[in-house]
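Residue numbers (our numbering): 49 to 455. Structure record follows, encoded as structure tokens.
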Amino acid sequence: MLKINENYLKLQASYLFSDIARRVADFQEKNPDREVIKLGIGDVTRALPRACVQAFHRAVDEMADDATFRGYGPEQGYEFLRQAIAEHDFQARGADISADEIFVSDGAKCDTGNIQELFSIDARVAIPDPVYPVYLDTNVMAGRTGPFVDGRYQGIVYLDSTRENNYVPALPDEPVDLIYLCFPNNPTGSTISREQLRTWVDFARDQKAVILFDAAYEAFIRDDSLPHSIFEIEGAREVAIEFRSFSKNAGFTGTRCAYTVVPRECAAWDSAGNRQPLHPLWNRRHCTKFNGVSYPVQRAAEAVYSEEGQAQVRELTDAYLRNAAHIAGAMRDLGYELVGGDNSPYIWIWGDRDSWEFFDLLLDRAGVVCTPGAGFGRCGQGYIRLSAFNSYDNVARAMERIREALA
Ligand code: PLP
49 MLKINENYLK LQASYLFSDI ARRVADFQEK NPDREVIKLG IGDVTRALPR
99 ACVQAFHRAV DEMADDATFR GYGPEQGYEF LRQAIAEHDF QARGADISAD
149 EIFVSDGAKC DTGNIQELFS IDARVAIPDP VYPVYLDTNV MAGRTGPFVD
199 GRYQGIVYLD STRENNYVPA LPDEPVDLIY LCFPNNPTGS TISREQLRTW
249 VDFARDQKAV ILFDAAYEAF IRDDSLPHSI FEIEGAREVA IEFRSFSKNA
299 GFTGTRCAYT VVPRECAAWD SAGNRQPLHP LWNRRHCTKF NGVSYPVQRA
349 AEAVYSEEGQ AQVRELTDAY LRNAAHIAGA MRDLGYELVG GDNSPYIWIW
399 GDRDSWEFFD LLLDRAGVVC TPGAGFGRCG QGYIRLSAFN SYDNVARAME
449 RIREALA
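Next up, the structure:
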């Protein structure tokens with residue numbers, strides 16, 4: 049008799065986005081004449097940069113000709129893309145990362161979810177709260193947690209991100225082996241300073257731990273003092289893996305391309321106490337279970353690093369940041385305490401009431417959809433997340449309606 053992986057039974061069904069959709073559908077049924085503006089989603093809304101589209105087209109034409117057709121490519125990604133990434137995203141910022149430490153993939157969601165396969169089942173895992181749920185759920189699936197009790201999985205070390213620590217968690221006061229960090233953060237929009245990140249790197253070195261650093265929103269950083277990569281911090285090569293994505297900088301959410309950086313020095317230990325580099329393990333995992341991102345998509349991603357591509361990505365992220373600034377300004381004017389919205393497309397707003405109650409209020413009175421913070425973890429209770437991924441017109445109208453409803 050075949051048995052299931054019972055860890056899956058521990059998972060809490062994620063009702064967040066289906067609950068939102070149901071409440072919005074109910075509202076629309078009762079109010080067919082009212083237009084709803086969605087500022088809840090984390091998906092981009094603007095078209096791909098022209099440079100990417102042109103490169104995409106050219107690559108598709110290559111696939112249409114026997115002489116230039118490409119079949120399976122290298123699982124780790126084409127050299128042209130890995131080289132462009134290493135030069136522009138790391139070496140240009142003084143981070144010593146080489147092309148062969150970059151693994152191109154079809155998404156940071158898969159990579160942040162899959163990476164935990166490299167580590168032992170008894171690894172002590174530290175995960176922020178509130179959090180992008182993938183880090184947590186994939187560790188539950190793997191069996192690194194106990195049951196879900198009082199809103200939390202037993203066995204996880206939760207890193208509370210609250211107004212008291214300005215949404216940058218403090219170092220845990222117990223030993224941990226694997227640490228998830230995400231900056232600029234989803235859902236809070238908070239950022240981490242170089243000094244704060246250095247304390248995490250030093251802590252990981254001290255603990256013989258590894259930091260899994262999710263920098264999917266790096267392109268929204270405008271404050272030059274903030275680190276774009278954990279590899280800008282001295283000593284990080286030995287204790288960090290970084291995840292990046294083309295989803296939010298260049299609008300690839302539906303096109304799919306991302307990458308993971310595993311430095312050659314980064315290591316963990318085997319049961320005999322020998323240091324084992326993670327690069328060959330991830331390489332093995334990637335080559336065994338993944339067959340590469342399509343050639344046209346990798347050419348489109350490469351175009352992000354062309355001169356026009358860089359300018360167009362800047363324009364794209366600037367447009368979302370303009371929305372974010374508008375949202376943050378309007379909510380501050382109304383007297384709300386918030387974080388994010390300057391180096392991030394997300395604004396995390398303290399509602400001073402139940403997250404769902406605030407959600408219903410904004411929907412009923414203003415016809416605006418947000419994301420209730422409680423859906424991201426216990427520390428999200430009392431907050432809502434507004435997202436800048438929409439047109440400026442919609443954002444301006446949404447904020448005007450919120451102003452009228454809440455003023
Ligand atoms: N990491 C974070 C923090 C995210 O918010 C998201 C998407 O919303 C992802 C990763 C997923 O990125 P990708 O589209 O590359 O899978």
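The beta-carbon is built from N, C-alpha and C at its ideal position, and this holds for glycine as well. Predicted, not measured: the structure shown is a model, and the values here were computed from it.
Self-check item: Backbone secondary structure at Glu243 - three-state DSSP
Solution: Reading the sequence shown from its first residue, position 195 is the one you call residue 243. Reduced to three states, the DSSP call for Glu243 is helix.
Quiz item: Is it the case that the Cβ atoms of Arg347 and Ala107 are separated by a distance below 9 Å?
Solution: What you label residue 347 is simply residue 299 of the sequence shown in a count that begins at 1. What you label residue 107 is simply residue 59 of the sequence shown in a count that begins at 1. In this structure, Arg347 places its C-beta atom within 9 Å of the C-beta atom of Ala107.
Exercise. Examine the ligand PLP and report whether any of its heavy atoms sits within less than 8 Å of the Cβ of Asp262.
Key: In the sequence shown, residue 262 corresponds to position 214, counting from 1. Flag set: Cβ of Asp262 near the ligand PLP.
Self-check item: Top-ranked residue by Cα proximity to Gly456, from Ser392, Val361, Arg71
Solution: In this structure the chain extends from 49 to 455, so residue 456 is not present and cannot be described.
Quiz item: So, using beta-carbon positions, are Ala351 and Ala103 closer together than 9 Å?
Solution: By one-based count along the sequence shown, residue 351 stands at place 303. By one-based count along the sequence shown, residue 103 stands at place 55. Cβ atoms of Ala351 and Ala103: closer than 9 Å.
Quiz item: Does the ligand PLP have a heavy atom nearer than 8 Å to the CB of Thr160?
Solution: Position 112 of the sequence shown, counting from 1, holds the residue named residue 160. Checking the Cβ of Thr160 against the ligand PLP gives yes.
Quiz item: Any idea which residues DSSP pairs Arg323 with across the strands?
Solution: Stepping through the sequence shown from its first residue, residue 323 is reached at position 275. DSSP links Arg323 through a beta bridge to Trp317.
Quiz prompt | Ala227, buried or exposed, once every other Cβ within 10 Å from all chains shown has been counted against 16 | solution = The residue given as residue 227 occupies position 179 in the sequence shown. The sequence given here places Ile at residue 227; Ala does not occur at that position. Flag for Ile227 reads buried.
Quiz prompt | DSSP three-state assignment for Tyr183, whether helix, strand or coil | solution = As a working mapping, residue 183 is identified with position 135 in the sequence shown. Here Tyr183 sits in helix by DSSP.
Quiz item: By how many angstroms is the C-alpha of Asp74 removed from the C-alpha of Tyr353?
Solution: By one-based count along the sequence shown, residue 353 stands at place 305. By one-based count along the sequence shown, residue 74 stands at place 26. About 45 Å.
Quiz item: So does Gly428 have its beta carbon nearer than 8 Å to some heavy atom of the ligand PLP?
Solution: Working through the sequence shown from its first residue, we reach residue 428 at position 380. The answer is no for Gly428.
Practice problem: Report whether the distance from the Cβ of Ser293 to the nearest heavy atom of the ligand PLP is below 8 Å. | Solution: Taking the sequence shown and counting its residues from 1, one reaches residue 293 at position 245. Of the heavy atoms belonging to the ligand PLP, at least one sits nearer than 8 Å to the Cβ of Ser293.
Self-check item: Whether Cys314 touches Arg285 by CB criterion (9 Å)
Solution: The residue labelled residue 314 in the question sits at position 266 within the sequence shown. The residue labelled residue 285 in the question sits at position 237 within the sequence shown. Yes.
Quiz item: Under 9 Å between the Cβ atoms of Phe424 and Pro181?
Solution: Reading the sequence shown from its first residue, position 376 is the one you call residue 424. Reading the sequence shown from its first residue, position 133 is the one you call residue 181. Yes, the pair counts as a contact, with Cβ atoms nearer than the cut-off.
Exercise. Label Ala267 either buried or exposed according to how many other C-beta atoms from any shown protein chain fall within 10 Å of its C-beta, with 16 as the threshold for buried.
Key: Taking the sequence shown and counting its residues from 1, the one referred to as residue 267 is at position 219. By the beta-carbon neighbour count (other beta carbons within 10 angstroms, threshold 16), Ala267 is buried.
Quiz prompt | Unbroken beta strand (DSSP E) run spanning Phe406, endpoints | solution = Position 358 of the sequence shown, counting from 1, holds the residue named residue 406. Note, Phe406: premise wrong, no beta strand (DSSP E); alpha helix (DSSP H) at 403-409.
Practice problem: Label Phe294 either buried or exposed according to how many other C-beta atoms from any shown protein chain fall within 10 Å of its C-beta, with 16 as the threshold for buried. | Solution: On the sequence shown, residue 294 is found 246 positions in, with the first residue counted as 1. Buried is the call here.
Practice problem: Taking only heavy atoms of the ligand PLP into account, decide whether any of them is closer than 8 Å to the Cβ of Gly155. | Solution: To locate residue 155, count along the sequence shown from 1; it is residue 107. Correct: Gly155 has its Cβ closer than 8 Å to the ligand PLP.
Quiz item: Touching or not, the segment 186-197 and the segment 205-220, by the rule of three or more beta carbon pairs under 8 Å?
Solution: Under the Cβ criterion (8 Å, minimum of three pairs), the segment 186-197 does not count as touching the segment 205-220.
Quiz item: Cβ of Thr301 within 9 Å of Cβ of Glu290?
Solution: Taking the first residue of the sequence shown as position 1, residue 301 is located at position 253. Taking the first residue of the sequence shown as position 1, residue 290 is located at position 242. With contacts defined by Cβ atoms closer than 9 Å, Thr301 and Glu290 do not form a contacting pair.
Practice problem: For the beta strand (DSSP E) containing Pro275, list its first residue and its last residue. | Solution: Counted from its first residue, the sequence shown places residue 275 at position 227. Note, Pro275: premise wrong, no beta strand (DSSP E); not H, not E.
Quiz item: Taking the alpha carbon of Ile89 as the point to measure from, which residue in Pro393, Gln60, Gly377 has its own alpha carbon closest?
Solution: The residue you call residue 89 lines up with position 41 of the sequence shown. Out of Pro393, Gln60, Gly377, Pro393 has the C-alpha closest to the C-alpha of Ile89.
Self-check item: Glu356 vs Ala99 beta-carbon contact at 9 Å
Solution: For this step, residue 356 is matched to residue 308 along the sequence shown. For this step, residue 99 is matched to residue 51 along the sequence shown. Their beta carbons are under 9 Å apart, which means Glu356 touches Ala99 by this criterion.
Practice problem: Would you list the residues sitting across from Arg200 in a DSSP beta bridge? | Solution: Within the sequence shown, the letter at position 152 stands for residue 200. In DSSP, Arg200 forms a bridge with Val197.
Self-check item: Proximity winner among Arg413, Gln429, Asp441, Gly191, relative to Asn79 (alpha-carbon distances)
Solution: For the purposes of this step, residue 79 is identified with residue 31 of the sequence shown, where counting begins at 1. For Asn79, the nearest C-alpha among the options comes from Arg413.
Exercise. Return yes when at least one heavy atom of the ligand PLP lies under 8 Å from the C-beta of Asn187, else no.
Key: Taking the first residue of the sequence shown as 1, we reach residue 187 at position 139. Result no, Cβ not under 8 Å from the ligand PLP.
Quiz prompt | CB of Ile278 within 9 Å of CB of Val249, strictly | solution = The residue labelled residue 278 in the question sits at position 230 within the sequence shown. The residue labelled residue 249 in the question sits at position 201 within the sequence shown. Their beta carbons are under 9 Å apart, which means Ile278 touches Val249 by this criterion.
Quiz item: Within the present structure, is the beta-carbon of Tyr180 separated from the nearest heavy atom of the ligand PLP by less than 8 Å?
Solution: In the sequence shown, the residue the question calls residue 180 occupies position 132. Tyr180: yes, Cβ under 8 Å from the ligand PLP.
Quiz item: Taking just the CA atoms, how far does Ser435 sit from Gly421?
Solution: Translated into positions along the sequence shown, residue 421 becomes position 373. Translated into positions along the sequence shown, residue 435 becomes position 387. Take the alpha-carbon of Gly421 and the one of Ser435: they are about 12 Å apart.
Practice problem: Enumerate, from N- to C-terminal direction, the unbroken alpha helix (DSSP H) stretches of 4 or more residues contained entirely within the segment 335-409. | Solution: For the segment 335-409, whole alpha helix (DSSP H) runs of length 4 or above, ordered along the chain, are 343-350, 355-381, 403-409.
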